[in-house]
Amino acid sequence: MTADKLQIALYWGAACGGCDVAVLDTDAFILDIAAAADIRMWPIAVDGKYADIEAMEDAELDLAIFNGAVRNSENEHIAKLLRAKSKVLVAFGSCAHLGGIPGLANLTTRDEILGTAYLHNPSLEKGSKTLPVPESGVNGSTLTIPAFYKRVYKLDDVVPVDYYLPGCPPAADQVKAVLQAVIAGELPPPGSVVGASDKALCEDCVRVKSEKRIKQFHRPWQIMIDPDACLLEQGVLCAGPVTRGGCGARCPSSGIPCRGCYGPLDGVVDQGAKLLSAVVSVIDSQDPAEIERIIDGLPDFTGFAYRFSMPSSLLQRSVRP
Amino acid sequence: MSRKICIDPITRLEGHGKIEIFLDDQGAVEDCFFQIPELRGFERFVVGRPIEELPRLVTRICGVCPASHHMASAKAVDGCFGGEVAPLAVKLRRMYYNAHYIHSHIAHFYALAAPDFVLGPDADPAIRNVLGVVAKVGLEIGGAVIASRSKAQEIQRIIGGRSTQDIWCIPGGVAKGLKPEELKEIRPMVADLLEFTQFSLQLFRDVVLANPTYLDLIANGPYTLDVHNMGLVDSNDAPDFYDGQVRVVDFEGKELHRYEAKDYAEYVAEHVEPWTYLKFPYLKQRGWKGFKEGIDTSIYCATPLARLNVAERMATPKAQEAFEEMFATIGGHPSRLLLAQHWARLVEMVQNAETLQLYCDDPEITGDAYRVIPQHVTGEGIGIVEAMRGTLTHHYTCDANAICTSANLIVGTTNNNAPIQMVTKKVAGTLIRPGVEPDQGILNMIEMAFRAFDPCYSCATHSLPGEMPLRVRVHRGGEVTHEFRRGC
């Protein structure tokens with residue numbers, strides 16, 4: 004530990020590692036971070052130190068970056084520990100920010116998840132009825148594994164969060180800019196979304212927009228997508244209008260519609276409801292039967308609307324645990 | 017009274033891995049359990065989603081090797097629409113995947129494995145990480161490693177729009193083609209990467225092979241298992257990472273199975289234990305026989321070394337040279353020396369770089385016919401690719417409206433769950449001696465057993481380096497009698 008260096012920690016909860024790759028993707032800047040900061044914990048990169056973190060004074064860390072959702076008790080425990088030991092806690096990436104794609108599990112139940120994985124899949128050992136259990140006896144001793152929660156939470160469901168850095172994963176240049184701001188001591192007001200724009204993704208999208216009037220929705224597999232025109236105007240569902248920009252519009256630039264990973268714009272509580280509002284406003288019909296036919300072109304709207312934000316939606320889940 | 021050593025937490029396995037070692041009265045290892053407490057439930061929550069969305073959902077299984085899931089998923093989804101894919105799209109997907117392989121293998125070799133060899137298995141844990149490696153080998157080499165991984169990522173971004181959390185594959189092909197100006201941008205990077213693979217092989221010779229201690233550790237250490245090998249091969253029995261037939265070869269070199277992706281469920285089955293969330297695949301036709309080595313075992317490895325073991329040759333010339341050199345040095349083909357995985361990873365990197373070069377030189381690669389529109393929903397698809405960490409299977413079904421009705425995934429590292437259990441126990445049993453308390457060096461030697469597999473339980477372990485923080489507690493009855501810490 005060096006007195007004049009920033010003290011920082013990075014941690015993952017229920018995550019895929021993509022957020023850590025986003026940090027790695029800042030390339031040689033990693034060496035600058037190491038020069039400016041003592042990385043006290045980063046399980047993927049340096050010695051993880053639960054015990055060291057526990058032994059710290061409260062607020063001893065200048066910055067803790069938490070990626071991943073909260074899926075089990077250990078995620079929650081470490082989130083609380085890092086909150087107590089850090090001056091600034093950042094929810095990094097879609098999962099910590101909104102719940103992320105693992106949050107789609109809130110549309111099903113724990114029993115269904117376990118049943119699928121261990122009882123019903125076609126490659127399971129014939130006749131197997133075994134389920135992993137939190138405690139099992141082996142050799143007269145007990146083996147334990149965590150029981151996961153019935154649903155997925157976002158980070159600020161379990162601890163107060165100072166900043167949100169959105170994206171799945173956050174764009175590397177945005178990560179770099181935010182870390183540079185931290186090193187320079189130039190932080191915005193607490194509660195801010197950082198490393199992103201305050202305008203909709205459409206503002207950054209190079210596709211040509213005209214009037215949006217839609218008679219038919221197409222799924223991406225059904226048509227050859229025009230390389231230049233707005234995807235929504237082509238009848239391809241795109242979450243760009245209700246999604247915060249800042250990612251560089253990577254998906255629509257590659258012919259792929261936005262699914263909303265940077266989350267809602269300021270002032271929007273429920274990103275999915277906003278998408279519903281945006282979609283119905285562009286349907287070009289007054290005839291109820293035709294409207295129904297057009298809407299039928301969007302199966303699983305819930306899965307689109309809350310692709311990254313189910314745990315942060317008003318309903319949070321489809322089934323009350 | 018027997019004792020228990022608990023290694024917990026093993027944070028580079030997504031923070032939730034744990035090893036429990038049981039000792040008998042004399043202090044010898046009686047049993048050992050490698051537990052994975054992670055489950056996120058992708059197989060269930062993709063059900064009900066439009067099938068074409070799956071390739072961009074399942075990438076979140078692993079943010080370090082998302083392209084593997086993206087490709088296996090894309091192939092399974094293609095199958096749900098009858099399987100027709102634009103031939104150019106197959107080339108582009110392969111090209112993209114070659115770049116992804118290079119990125120991932122660089123990350124593993126330099127950041128995760130290298131600290132053990134460049135700095136030594138018993139080096140000070142405080143420096144036994146990637147920053148320590150950079151300090152030892154110098155900023156010039158460190159910078160070249162960072163730049164090379166970055167180029168491999170950038171090539172994917174140029175071809176497919178993004179490098180992490182891929183979006184590009186859609187039914188019948190890909191969402192964008194490769195423009196001539198993009199190819200021009202890629203070419204010099206590919207040339208650099210090819211050179212970097214040769215540099216890496218030389219580094220391995222200089223640092224590892226020139227050191228008799230390391231060579232002895234690889235050849236004569238406890239890091240061997242008598243289990244079988246699995247991997248994809250092309251029509252010439254060379255490794256194929258994107259497609260081909262699955263070949264299973266026993267540890268003496270005899271072919272046990274050869275099958276098409278669609279038949280996977282006839283050859284592989286999964287065993288469940290109550291003490292871990294991760295299942296144990298095995299060769300179905302032999303049945304589950306427990307964690308046992310030997311010629312009759314049903315356990316197999318699916319790793320870089322396993323892929324080279326099931327292959328008769330490499331697909332490209334420089335890779336072939338590296339393949340021959342490796343097997344000549346480690347005592348013949350196939351090999352059971354698990355630490356040779358690290359070398360095998362470099363050999364694979366060469367083939368990927370050479371293949372990437374071939375695609376760059378393909379006059380058709382910048383064409384426009386990168387997609388066909390599917391005409392029918394046929395309802396079922398199975399996609400197999402070689403993820404960096406093992407054979408990866410995605411099996412989907414969908415309804416007439418192309419909505420997913422089921423998903424079964426057998427993920428790369430899952431194949432190796434049983435071998436990792438077994439080798440961890442073997443290495444612990446060899447190194448933990450009665451009357452001698454295990455020290456930090458021994459703990460790292462235990463880690464090196466599973467690190468050879470580059471385990472990717474949720475894809476955390478392999479991205480960056482060094483030292484897996486371990487806490488070992490020796491229990492006697494209900495009391496902790498000793499506690500060892502290494503990095504935690």
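Sequence order for the protein chains is F and C.
The first sequence begins at 4 in our numbering and counts up one residue at a time.
The second sequence begins at 17 in our numbering and counts up one residue at a time.
Each residue gets a CB set at the ideal place from its N, CA and C atoms; glycine is no exception.
| Asked | Found |
| --- | --- |
| Just curious, the beta strand (DSSP E) that ILE398(C) is in, first and last residue? | 396 to 403 |
| If we count the other Cβ atoms within 10 Å of its Cβ and call it buried at 16 or more, is GLY347(C) buried or exposed? | exposed |
| Ignoring anything shorter than 4 residues, give me the alpha helix (DSSP H) runs that lie fully in the region 270 to 304 of chain F, in order along the chain. | 274 to 285, 291 to 299 |
| Just the Cα atoms here: how many angstroms apart are ASP259(C) and ALA468(C)? | 24 Å |
| Is the Cβ-Cβ distance between ASP132(C) and ASN460(C) less than 9 Å? | yes |
| Counting only runs that start and end within the region 27 to 68 of chain F, where is the beta strand (DSSP E) found for 3 or more residues in a row? | 40 to 44 |
| Buried or exposed: which applies to THR421(C), given that a residue is buried once 16 or more other Cβ atoms fall within 10 Å of its Cβ? | exposed |
| Going by alpha carbons, who is nearest to GLY300(F) out of ASP207(F), TYR14(F), VAL239(F)? | VAL239(F) |
| Rounded C-beta distance between LYS153(F) and HIS100(F)? I'm assuming under 8 Å. | About 21 Å; that fails the 8 Å criterion. |
| With distances taken between CB atoms, is the gap from CYS48(C) to LYS305(C) smaller than 9 Å? | no |
| Apply the 10 Å Cβ neighbour rule to MET227(F) and answer buried if 16 or more other Cβ atoms are within range, or exposed otherwise. | exposed |
| How far does the beta strand (DSSP E) with VAL443(C) in it extend, from its first residue to its last? | Per DSSP, VAL443(C) belongs to no beta strand (DSSP E); it is in the alpha helix (DSSP H), 433 to 447. |
| Going along chain F in order, which residues have a C-beta closer than 7 Å to the C-beta of GLY159(C)? | ALA31 |
| Is the region 354 to 370 of chain C touching the region 72 to 79 of chain C, taking contact as three or more C-beta pairs under 8 Å? | no |
| Quick check: the region 173 to 188 of chain F against the region 218 to 233 of chain F, are at least 3 beta-carbon pairs closer than 8 Å? | no |
| Can you tell me where the beta strand (DSSP E) with GLY237(C) in it begins and where it stops? | That residue, GLY237(C), is in no beta strand (DSSP E); it is neither H nor E in DSSP. |
| May I have the straight-line CA-CA distance separating VAL141(F) from THR430(C), to the nearest angstrom? | 22 Å |
| Assign THR75(C) to one of three DSSP states: helix, strand, or coil. | helix |
| Do you know offhand how far THR233(F)'s Cα is from VAL211(F)'s? | Rather than Thr, the amino acid found at residue 233(F) in this sequence is Cys. If you take the alpha carbons of CYS233(F) and VAL211(F), they lie about 5 Å apart. |
| Measure the CB-CB distance between ALA54(F) and VAL93(F) and report whether it falls below 9 Å. | no |
| Under three-state DSSP, which class holds ILE217(F)? | strand |
| Are there 16 or more other CB atoms within 10 angstroms of the CB of THR477(C), so buried, or fewer, so exposed? | Summary for THR477(C): the model assigns pLDDT 29, below 50, so the residue's position carries little reliability; its value from the coordinates is reported in the next sentence. Buried, since its Cβ has 16 or more Cβ neighbours within 10 Å. |
| How is TYR121(F) classed by DSSP in three states: helix, strand or coil? | helix |
| So, helix, strand or coil for SER216(C), using DSSP? | helix |
| Looking only at its own chain, which residues have a Cβ that is under 6 Å from the Cβ of TYR275(C), when we skip the five neighbours before and after it? | VAL262, TYR283 |
| If contact means a Cβ-Cβ distance below 9 Å, which residues of the region 147 to 179 of chain C contact chain F? | LEU147, VAL150, LEU155, GLY158, GLY159, ILE162, ALA163, ARG165, SER166, GLN169, ARG173, GLY176, GLY177, ARG178, SER179 |
| Of all the options ASP165(F), PHE95(F), PHE311(F), which has the alpha carbon lying nearest to the alpha carbon of ALA175(F)? | PHE95(F) |
| I want to verify the contact list: residues of chain F whose CB lies under 9 Å from the CB of ALA90(C), in sequence order. | Ordered by position in chain F, no residue passes the 9 Å Cβ test against ALA90(C), which lies about 11 Å from the chain. |
| Would you mind sorting ALA308(F) into buried or exposed? The rule is 16 or more other CB atoms within 10 Å of its CB. | buried |
| Measure the C-alpha to C-alpha separation of CYS16(C) and PHE466(C) and round it to an integer number of angstroms. | Residue coverage of chain C in this structure runs from 17 to 504, which leaves residue 16(C) outside it and unanswerable. |
| Is LYS6(C) buried or exposed, if buried means 16 or more other CB atoms sit within 10 Å of its CB? | Shown here, chain C extends from 17 to 504; a query on residue 6(C) therefore has no answer. |
| Between the C-alpha atoms of GLY194(F) and ALA40(F), what's the straight-line distance to the nearest angstrom? | 23 Å |
| For LYS107(C), which residues of its own chain have a beta-carbon under 7 Å away from its beta-carbon, when the five flanking residues on both sides are left out? | TYR375, ASP378, ILE381 |
| What is the DSSP secondary structure of PHE508(C), reduced to helix, strand or coil? | Nothing can be reported for residue 508(C): it is not among the residues displayed for chain C, which extend from 17 to 504. |
| Pick from GLU271(C), TRP291(C), GLU337(C), LEU135(C): whose alpha carbon is nearest that of ALA322(C)? | GLU271(C) |
| May I ask you to list, following chain order, the residues of the region 221 to 251 of chain F that have a beta carbon less than 9 Å from some beta carbon of chain C? | ARG222, PRO223, TRP224, GLN225, ILE226, MET227, ILE228, PRO230 |
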